[in-house]
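The opening residue of the sequence shown carries number 295 in our numbering; numbering runs sequentially from there. Each residue gets a CB set at the ideal place from its N, CA and C atoms; glycine is no exception.
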Amino acid sequence: MFGYPPIFFAGMLLSGCMAVGGDYERQPPPAAQTNWIDRANVAVAEEEFVAWWREIGDPELARLIEAALQDNLTIRQGLSRIEEANARRLRARAARYPSVSAESSTTVLQQSLNTQLGQAQFPGFERQYEQYALGAAFNWQVDLWGQTRRRIDAADARVEALIAAANGARLAIASETAATYFTMAGFQQEKRALLLGIEAQRTQLDLAETRLEAGAISRAQLVLVEAELARLVEQLPGVEAEIQANALALGVLTGRLPETEIALADRVPPLLELPDIPVGTRADLLRRRPDVARLERELAAETFGIGVARGELFPQLGLDASGGFTSIDPGTILSGDSTRFTIVPFLSWRVFDGGRARADIRLAQAEARTAALAYVEGTITAIEEAEIAIAQYDLAREGRPLALRTIELAQENLRLARIRFEVGDIDRFELQDAERTYSDALRNGAISYRNSTLALAQLYAALGGGWQAVPPYVAIPVPAPAPPSAAALPSTILPISD
Numbered sequence: 295m296f297g298y299p300p301i302f303f304a305g306m307l308l309s310g311c312m313a314v315g316g317d318y319e320r321q322p323p324p325a326a327q328t329n330w331i332d333r334a335n336v337a338v339a340e341e342e343f344v345a346w347w348r349e350i351g352d353p354e355l356a357r358l359i360e361a362a363l364q365d366n367l368t369i370r371q372g373l374s375r376i377e378e379a380n381a382r383r384l385r386a387r388a389a390r391y392p393s394v395s396a397e398s399s400t401t402v403l404q405q406s407l408n409t410q411l412g413q414a415q416f417p418g419f420e421r422q423y424e425q426y427a428l429g430a431a432f433n434w435q436v437d438l439w440g441q442t443r444r445r446i447d448a449a450d451a452r453v454e455a456l457i458a459a460a461n462g463a464r465l466a467i468a469s470e471t472a473a474t475y476f477t478m479a480g481f482q483q484e485k486r487a488l489l490l491g492i493e494a495q496r497t498q499l500d501l502a503e504t505r506l507e508a509g510a511i512s513r514a515q516l517v518l519v520e521a522e523l524a525r526l527v528e529q530l531p532g533v534e535a536e537i538q539a540n541a542l543a544l545g546v547l548t549g550r551l552p553e554t555e556i557a558l559a560d561r562v563p564p565l566l567e568l569p570d571i572p573v574g575t576r577a578d579l580l581r582r583r584p585d586v587a588r589l590e591r592e593l594a595a596e597t598f599g600i601g602v603a604r605g606e607l608f609p610q611l612g613l614d615a616s617g618g619f620t621s622i623d624p625g626t627i628l629s630g631d632s633t634r635f636t637i638v639p640f641l642s643w644r645v646f647d648g649g650r651a652r653a654d655i656r657l658a659q660a661e662a663r664t665a666a667l668a669y670v671e672g673t674i675t676a677i678e679e680a681e682i683a684i685a686q687y688d689l690a691r692e693g694r695p696l697a698l699r700t701i702e703l704a705q706e707n708l709r710l711a712r713i714r715f716e717v718g719d720i721d722r723f724e725l726q727d728a729e730r731t732y733s734d735a736l737r738n739g740a741i742s743y744r745n746s747t748l749a750l751a752q753l754y755a756a757l758g759g760g761w762q763a764v765p766p767y768v769a770i771p772v773p774a775p776a777p778p779s780a781a782a783l784p785s786t787i788l789p790i791s792d
């Protein structure tokens, strides 16, 4: 009954099997298969990194980190951004399908008397009448070159990039919560060391005052004791301020008011043992790190964008159709004589645009190249951060026993100095030195503990562990591979060609 150009049917068939732009392929980098500098490249179970804080013996730390993963506002913003991107992805997918709209209208018309249809030409012409219409419209643009498919691919990749970014925020918040808690705990240990030193110094001051009254020491020796006590007391407010600041920060990290966790300022956490952490392989690291996954997905999105830009070079094929019923009498609106329809296959081609389409292709290629280089750089940076964190943690573990041994020796030296002072073998100055040495050893031990536990948190963050522990989190549908090296980027994004 109707004839349509053969190209229209050919276009509909080809639309399912063509896509402009090269397909995106993941390529593992050489760096993923190399070994750590100082450790064996041995695979480990992923479970060892999922909730590492549950394994180190501090329930309060576990509670805080899991509360932060559940309620932190930065994490919740990331989940909202995923919802936004999902909506954009659905909108991109909708472009693959026809759009159909329905309408119903009643129109009151008044014709001019001064036209060919006017009363002068047609006596008895009814100038004013009503017209009724029911109908539907259909529009479909055939994805002949796969341009819409590439838009969908890019939208999918951007959703997955935002998922990885949200998981990266979870990793950062878990690490920051642990670091804040460990910092607070370290200052609490330092405060305890200060209080012990202050208490011991006050005892020495009482003894010195008694001896001064007895004429056993001079006023100058008493002033030395008072000066040492004042030195210790003067340091206490700064340490207490640090404890309170970190307790307030923990409240914010858990998504609540700052004062929510202020009671932690008065609690001295237990001393933790520093475990031996199996770091796994570099390939394990790259799979775990959400920032590496995000960069890879951004590269995929930019690569698909080349196909979207290339699609503008080719003709666009589509179909517009409309039909329905129109009548001036509502009683005959559904009769056969009231039917109407229009079918319009169309082919459009941007023949000349001053080079804009080719410029868009070059822009998309440059953006993809930038994303590829960022991906390679991100991989190298992830390995660098892990190597640094491993080295710092190993040094912290080695230094911790030395700090404890220093405290033991300083304590023994002070005990012996007091005995010698009592029998008159040494003077007040030498005893003062022993007391100061012990006080400094206690504080240095607290600082060593703080640095050691911070190194622990930083190591787990560098290894990509912790974001998987507590819902809500979203797993990336496709495991993030290791990136290509700079010399082996996908061929679809390296050359800039027309």
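Per DSSP, LEU403 is one residue of the beta strand (DSSP E) stretching across 393-404.
Assignment of LEU565 by DSSP, reduced to helix, strand and coil, places it in the coil class. In this structure the region 578-590 touches the region 446-460; the number of beta carbon pairs closer than 8 Å is three or more. Under the three-state reduction of DSSP output, ASP631 falls in the helix class. CA-CA distance, ASN540 to ALA735, rounds to 24 Å. Scanning its chain for C-beta atoms nearer than 6 Å, with the 5 sequence neighbours on each side dropped, one finds around LEU530 the residues LEU488, in chain order.
Annotation for ILE741: GLY480 and GLU484 place their beta carbon closer than 8 Å to its own, counting only its chain and skipping 5 residues before and after. Under the three-pair Cβ rule at 8 Å, the region 438-457 counts as touching the region 376-390. Beta-bridge partners assigned by DSSP to THR636: SER616. DSSP places LEU611 in the strand class (E or B) of the three-state scheme. A direct Cα-Cα distance of roughly 17 Å separates LEU501 from LEU490. Scanning the region 493-547 from its first residue to its last, the whole alpha helix (DSSP H) runs of 4-plus residues come out as 513-547. Counting C-beta pairs closer than 8 Å gives three or more between the region 638-648 and the region 610-628, which meets the contact rule. Under the three-pair Cβ rule at 8 Å, the region 715-725 does not count as touching the region 430-448. Judged by DSSP in its simplified three-state form, TYR423 adopts strand. Each residue's CA atom was taken as its position, placing ARG382 and ASP654 some 22 Å apart.
For VAL645, there is no enclosing alpha helix (DSSP H), since its DSSP letter is neither H nor E. Separation of the CB atoms of TYR669 and LEU593 is rounded to 5 Å, and the pair is thereby assigned contact status at 8 Å. Secondary structure of TRP439 (DSSP, three-state): coil.
Look at the beta carbons and you see the region 351-366 not touching the region 437-446: under three pairs across the two are nearer than 8 Å. For PRO584, the number of other beta carbons within 10 angstroms of its own is at least 16, and it is reported as buried. Ranking GLU661, TYR754 and GLN705 by CA distance to the CA of ARG737 puts GLN705 first.
Between GLN425 and LEU403 a beta carbon distance of about 6 Å is seen, short of the 8 Å cut, so the two are scored as contacting. For TYR743, the enclosing alpha helix (DSSP H) has its first and last residue at 722-756. Using a Cβ distance threshold of 8 Å, PRO563 and ASP727 do not count as a contacting pair. DSSP places THR597 in the uninterrupted alpha helix (DSSP H) bounded by 584-604. A check of alpha carbon separations from ALA543 across ILE350, ALA521, GLU520 and THR474 identifies THR474 as the nearest. Excluding its 5 nearest sequence neighbours in each direction, GLN371 has no C-beta neighbour in its own chain below 6 Å. Counting along the chain, no alpha helix (DSSP H) covers THR554, and no H or E run does either. C-alpha of VAL638 to C-alpha of PRO392: approximately 14 Å in a straight line. Taken through DSSP and simplified to helix, strand or coil, ASN433 comes out as strand.
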